[in-house]
Amino acid sequence: MRFLSSIRNGVAGREQFYAYTIIALVVLTLASVTILSGDRVRSLDEPNFLAIAENLALNGVYAHQDGELTAYHAPGLVLLIAPFVKLGAGLMELRLVNNLLLGASLLLVFHMVRRNAGPLAGLLAVILIPLWPVILYASLTLYPQTLAAFMLVLTAFLLDRLTVTQSRVTAALAGLSFGFLILTIPIVLLLVPIFVLWVWFQSHKPMRHLVAFLACAALLVAGWGIRNHNAFGVVILTATSGGYNLLAGNSPGARYNTSLDVKFPDYVYTEITGKTEIERDRIFKRAAFREMANNPARTVSLYFGKFLHWFDFSNRLMSDTAVEGGASTVNVSTREVILLAAYSLIILPLVARVALLRKHPFRPIEILGLCLWIGAGLAYAVFFTRVRFRMPFDWLIIANNAIFIALIIENRVERWKPDTETARD
């Protein structure tokens with residue numbers, strides 16, 4: 005107990021300084037790794053995002069490298085990196101942007117957690133979040149999840165501020181942030197009810213704030229939808245990858261832990277031959293619904309398996325075999341051990357918090373984080389689940405854990421003080 009007390013007293017009043025220092029060190033370390041890695045492709049998605057961003061930046065069209073118009077990828081990440089591409093940025097420079105996004109997310113988390121649970125909790129959040137390797141790996145790779153994490157944290161930060169300001173401007177800003185989050189990972193559209201209920205119960209003027217929040221989010225999504233209607237003549241609110249992902253997660257060859265490495269029924273390949281992107285998306289969706297309807301018991305069982313896999317600590321990376329040099333320089337066995345150890349820092353405090361729920365009930369911001377973490381798993385399980393997909397939501401759970409650990413430390417230290425004073429008397 006003396007050790008905890010000395011730590012608590014040592015950082016008291018300087019939590020923000022230490023938090024900012026840690027954030028700077030994390031960003032600098034990641035930037036160093038990024039620079040040393042150069043432009044080596046780390047994922048199959050990276051060249052695709054870069055090619056679309058180059059077309060958007062240089063030719064003003066959202067299109068593949070060959071110039072074919074596309075809506076396959078949600079535009080959030082491309083819209084972010086296109087201005088940097090126009091300035092001449094390559095993969096390495098774009099990953100540096102990712103590194104900075106991670107730092108900005110840590111900054112937001114610190115202030116959000118500090119407002120709700122004090123500076124020690126904010127500092128612990130900044131310490132614990134970079135200990136989850138998936139977060140670091142995603143920031144070193146041109147994945148949309150790092151941007152998604154930033155937008156999710158920003159949305160939560162602004163909604164938390166809404167409980168203080170009770171301002172329509174804050175609600176509108178949260179809506180814009182959420183709208184861009186939808187354009188980054190469209191799955192969050194299925195999480196709208198969670199946000200609506202949270203605002204309804206936490207706002208003093210829920211209807212006014214919900215209108216501002218939802219209208220601003222819809223405004224951004226509608227802009228992308230209008231572009232798609234002009235390009236393809238049909239309404240596409242987010243992306244045309246939904247059909248492929250739905251079939252990948254529900255075809256006869258799909259398992260609870262598979263992703264895109266699934267062979268579809270032969271008739272699907274026959275039907276999509278020579279078809280456009282829009283037509284392929286429709287064919288994939290029809291095939292997915294057909295396969296699910298043909299074996300409903302398997303569909304339900306597979307769904308729950310995928311949902312449970314959402315909470316796994318690891319999954320096989322396609323990039324290990326599909327990309328030269330693999331997904332990382334760490335061998336698979338070592339990586340599994342590291343991930344398991346790091347994931348225990350997420351799960352064990354969460355389990356302890358649930359066990360002590362009566363004594364330490366969740367704060368509203370913690371309820372939002374937990375509901376989004378579980379709700380995202382329920383949503384992704386309709387398609388397929390990956391640890392990387394869960395990463396943006398892990399930020400909120402780790403923030404919850406930091407609040408809990410800080411609470412335990414401060415309670416223990418406060419209890420220890422009277423005991424030591426009594427002993428002295």
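According to our numbering, the sequence shown is numbered sequentially starting from 5.
Where a beta carbon is used, it is the ideal one built from N, C-alpha and C, also for glycine.
In this text, all values refer to a predicted model and were calculated from it rather than measured experimentally.
Who pairs with residue i in a beta bridge, going by DSSP?
| i | result |
| --- | --- |
| residue 67 | 73 |
Assuming residue i contacts residue j (C-beta within less than 8 Å), just tell me the rounded distance between them.
| i | j | result |
| --- | --- | --- |
| residue 410 | residue 98 | Not quite, the Cβ-Cβ distance comes to about 35 Å (not below 8 Å), so this is no contact. |
| residue 61 | residue 78 | Contact doesn't hold; Cβ gap of about 18 Å is too wide. |
| residue 149 | residue 209 | 34 Å between Cβ atoms; not a contact. |
| residue 379 | residue 186 | That pair is no contact at about 15 Å. |
| residue 408 | residue 357 | 5 Å |
| residue 345 | residue 128 | Rounded, the Cβ-Cβ distance is 18 Å, inconsistent with contact. |
| residue 252 | residue 388 | 6 Å |
| residue 153 | residue 181 | Between residue 181 and residue 153 the Cβ distance is about 12 Å, and since that is not below 8 Å, they are no contact. |
| residue 112 | residue 158 | 6 Å |
| residue 291 | residue 272 | 5 Å |
| residue 35 | residue 100 | 6 Å |
Given that a residue counts as buried once 16 or more other Cβ atoms are within 10 Å of its Cβ, and exposed if not, what is residue i?
| i | result |
| --- | --- |
| residue 14 | exposed |
| residue 384 | buried |
| residue 301 | exposed |
| residue 329 | The pLDDT assigned to residue 329 is 49, lower than 50, so where the model puts this residue is not dependable; a value taken from the coordinates is nonetheless given after this. Residue 329 comes out exposed. |
| residue 21 | exposed |
| residue 89 | buried |
| residue 103 | buried |
| residue 310 | buried |
| residue 373 | buried |
| residue 204 | exposed |
| residue 264 | exposed |
| residue 16 | exposed |
| residue 419 | exposed |
| residue 211 | exposed |
| residue 247 | buried |
| residue 28 | exposed |
| residue 31 | buried |
Is residue i helix, strand or coil when you go by DSSP?
| i | result |
| --- | --- |
| residue 260 | coil |
| residue 335 | coil |
| residue 364 | coil |
| residue 41 | helix |
| residue 266 | coil |
| residue 90 | helix |
| residue 109 | helix |
| residue 317 | coil |
| residue 150 | helix |
| residue 208 | coil |
| residue 190 | helix |
| residue 308 | helix |
| residue 419 | helix |
| residue 299 | coil |
| residue 137 | helix |
| residue 123 | helix |
| residue 388 | coil |
| residue 165 | helix |
Can you list, in chain order, the residues of its chain with a C-beta nearer than 7 Å to that of residue i? Leave out the 5 residues immediately preceding and following it.
| i | result |
| --- | --- |
| residue 452 | A question about residue 452 goes unanswered here, because the residues of the chain that appear run from 5 up to 429. |
| residue 225 | 183, 186, 187 and 241 |
| residue 94 | 43 |
| residue 19 | 123, 124, 126 and 127 |
| residue 261 | 313 and 319 |
| residue 177 | 162 |
Check whether the Cβ of residue i lies closer than 6 Å to any heavy atom of the ligand FAD, and answer yes or no.
| i | result |
| --- | --- |
| residue 392 | Absence of the ligand FAD is noted for the structure shown, with no ligands found whatsoever. |
Can you give me the Cβ contacts of residue i inside the same chain, cut-off strictly under 8 Å, excluding the 5 residues immediately before and after it?
| i | result |
| --- | --- |
| residue 283 | 276 |
Spatial neighbours of residue i within its chain, please: C-beta separation below 6 Å, excluding the five flanking residues on both sides.
| i | result |
| --- | --- |
| residue 381 | 311 and 314 |
| residue 347 | 317 |
| residue 59 | 65 and 67 |
| residue 192 | 185 and 186 |
| residue 235 | 73 |
| residue 120 | 367 and 369 |
Taking Cβ positions only, does residue i come closer than 7 Å to chain D?
| i | result |
| --- | --- |
| residue 284 | The displayed structure is made up of one protein chain only, and chain D is not part of it. |
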